[in-house]
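The structure appears below as structure tokens.
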Amino acid sequence: MQKTILITGATSGFGKACAERFAHEGWRLIVTGRRQDRLQELQQLFPGTPLHAVELDVRDLKSVEAMIAGLPEDFRNIDVLLNNAGLALGLQGADKTDLNDWEVMIDTNIKGLCYLTRCLLPAMVARDRGHIINMGSIAGNYPYPGGNVYGATKAFVKQFSKNLLTDLTHTRIRVTNIEPGLSESEFSIVRFHGDKEKANAVYRGTEPLRPVDIAEIVYWVTSVPAHVNISTVEVMPVCQSCGPLQIHRQEE
Ligand code: NDP
Ligand code: 8X3
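Note that the sequence shown covers residues 3 to 254 in this note's numbering.
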């Protein structure tokens, strides 16, 4: 039977690559994001794939509820929810950062992810099948300067994923947290508020992960046997690793 995946943030980067990967495997797609023109492009990209595109800001609970209530009959039974929509804003120290950036990250990466999960879970529990895949980050595992609230939102995603699994032990629903490291997408352009030079500098001299690498992993975690739950995948490019602990020494 044809399976259905709902992808948040399908208009770019990981989400778009996942849409391509799952379309290739013959899945039914529900693709969402705020940019209508990008959603229209997606509709052209996969001729022959049943695709339902919805303009959606995940921060708006009423829109999330309306999107779910408005799903066409054929798209109602969702097998996989990919909670991918998210962003980092800024890389300044916590004493200098724009408080509004913090609010947008919390509203999107935490609250939006919770809205989708809470609204879709009852149907998954009723069917006793489903898979929630959350896009975490290595930023939720390791601190770095300027990572402050972004990293903290991804630490939330990590713990929320683990707690979801605990709540769902009596079901056959799977939960996976994927934690990528340095990956080239529109992520850094968004982080630096459209400054492409700063964004390019992040990847200069590196071979970062690509959205297709992440899509491959997302597809893999869905394709293992139904009794197997891949709970966490941490993935970095070969050129990346964790740094040493730092100590600030005073001048003698
Ligand atoms: P992109 O900026 O390329 O894609 C982000 C996607 O999220 C876009 O489709 C965007 O769509 C969507 N989005 C952002 N805000 C909202 C919102 N309020 N409502 C709905 N959709 C929204 O970045 P990536 O593909 O790299 O990022 C995808 C996820 O992966 C994020 O959660 C990010 O934190 C995480 N991640 C990224 C890493 C990286 O290095 N790139 C590493 C680890 C994790 P639109 O603007 O159309 O709404
Ligand atoms: C994105 C990876 O290291 O820029 O989540 O935070 S990082």
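The beta carbon of each residue, even a glycine, is placed where N, CA and C say it ideally should be. What you are looking at is a predicted structure, and each value in this text was computed from that prediction instead of being measured.
Identity of the residue in the options nearest residue i by Cα
{"i": "G50", "options": "A19, G28 and E105", "result": "G28"}
{"i": "P182", "options": "P210, L170, H229 and R23", "result": "P210"}
{"i": "V220", "options": "A201, Q46, R193 and L83", "result": "L83"}
{"i": "I134", "options": "S65, A71, G92 and P124", "result": "P124"}
{"i": "A55", "options": "I216, Q46 and R193", "result": "Q46"}
{"i": "L184", "options": "G15, K5 and I7", "result": "G15"}
{"i": "V60", "options": "A87, P213 and R78", "result": "A87"}
{"i": "Q4", "options": "A12, L31 and Q242", "result": "L31"}
{"i": "E218", "options": "I7, A12 and C20", "result": "C20"}
{"i": "G132", "options": "I140, L122 and E75", "result": "L122"}
{"i": "Q242", "options": "N136, K18, I140 and A25", "result": "I140"}
{"i": "R37", "options": "K18, E22 and T13", "result": "T13"}
{"i": "A157", "options": "D39, L53 and I108", "result": "I108"}
{"i": "N179", "options": "I216, A90 and F48", "result": "I216"}
{"i": "A203", "options": "R78, S190 and G114", "result": "S190"}
{"i": "S163", "options": "G207, V235, Q252 and V106", "result": "V235"}
{"i": "L93", "options": "K200, I112 and D39", "result": "K200"}
{"i": "V159", "options": "L89, E22 and V33", "result": "L89"}
{"i": "A96", "options": "V33, A154, M126 and Y117", "result": "A154"}
Cα-Cα separation, residue i to residue j
{"i": "V237", "j": "E254", "result": "41 Å"}
{"i": "N102", "j": "V151", "result": "11 Å"}
{"i": "T10", "j": "L247", "result": "35 Å"}
{"i": "H195", "j": "G245", "result": "27 Å"}
{"i": "L170", "j": "K198", "result": "42 Å"}
{"i": "G138", "j": "Q161", "result": "10 Å"}
{"i": "E57", "j": "W104", "result": "23 Å"}
{"i": "G148", "j": "P239", "result": "21 Å"}
{"i": "L73", "j": "E43", "result": "20 Å"}
{"i": "V66", "j": "L91", "result": "23 Å"}
{"i": "Y205", "j": "R129", "result": "43 Å"}
{"i": "H257", "j": "N85", "result": "Look at the range of the chain in this structure, 3 to 254, and you will see that residue 257 is not part of it."}
Burial state of residue i (16 or more Cβ within 10 Å)
{"i": "Y146", "result": "exposed"}
{"i": "T224", "result": "buried"}
{"i": "K98", "result": "exposed"}
{"i": "N165", "result": "exposed"}
{"i": "I80", "result": "buried"}
{"i": "P227", "result": "exposed"}
{"i": "S233", "result": "exposed"}
{"i": "R176", "result": "buried"}
Start-to-end residues for the beta strand (DSSP E) that takes in residue i
{"i": "G15", "result": "Premise fails: G15 lies in the alpha helix (DSSP H), G15 to H26, not in any beta strand (DSSP E)."}
{"i": "E236", "result": "T234 to V237"}
{"i": "L8", "result": "T6 to I9"}
{"i": "M137", "result": "H133 to M137"}
N-terminal and C-terminal residue of the alpha helix (DSSP H) that residue i is part of
{"i": "M126", "result": "L115 to R129"}
{"i": "L84", "result": "Counting along the chain, L84 falls outside any alpha helix (DSSP H), though it belongs to the beta strand (DSSP E) covering V82 to N85."}
{"i": "P74", "result": "Where P74 is concerned, there is no enclosing alpha helix (DSSP H), given that its DSSP letter is neither H nor E."}
{"i": "P213", "result": "P213 to S225"}
{"i": "I191", "result": "F189 to R193"}
Handout entry: Residues with C-beta closer than 7 Å to any heavy atom of the ligand 8X3, in chain order
Key = A90, S139, I140, A141, Y146, G149, Y152, G153, K156, P182, G183, L184, S185 and F189
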